[in-house]
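Quick notes on the structure that follows.
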Amino acid sequence: MSPKMVELHDIDVPAFLKVLDSCEGEVYLMTRDGDRLNLKSKLCQLVGLTALIEGGKIAEAFVMCEKESDESKLFRFNLYKSPEDHEE
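Sequential numbering from 1037 applies to the sequence shown in our numbering.
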């Protein structure tokens, strides 16, 4: 199955990082310039998220997941805005 992009809006950074840590596969941040940063890497998290943070939250981000289960987690997190609500 080919990876799909998930668009995230108004994301709380600490909660987002908690969900990322629970992801099983690779998760990539896609920038408007076409860059792809692996968010499973703490260094890439720092570099990538720093550019997107506005007022302590991520205003908008596009992520691509290798695993469909991770895509579902991030979609539910974006919908409910809570790391606890992503668990089955």
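By construction, the Cβ of each residue, glycine as well, lies at the ideal position given by its N, Cα and C atoms. On a predicted model such as this, the values are computed, not experimentally measured, just so you know.
Using CA coordinates, which residue listed in K1054, G1061, L1088, F1052 is at the minimum distance from E1106?
-> Before going on, a small fix: residue 1106 reads as Asp here, not Glu. That would be G1061, whose Cα lies nearest to the Cα of D1106.
Taking three-plus beta-carbon pairs below 8 angstroms as touching, is the stretch 1067-1081 in contact with the stretch 1103-1117?
-> no
Evaluate D1121 with the Cβ neighbour count: other Cβ atoms within 10 Å of its Cβ, from every protein chain shown; 16 or more gives buried, anything less gives exposed.
-> The pLDDT assigned to D1121 is 49, lower than 50, so where the model puts this residue is not dependable; a value taken from the coordinates is nonetheless given after this. Exposed, since its Cβ has fewer than 16 Cβ neighbours within 10 Å.
Confirm, please, whether the CB-CB distance from V1099 to V1063 is below 9 angstroms.
-> yes
Could you name the residues that DSSP lists as bridge partners for V1042?
-> V1099
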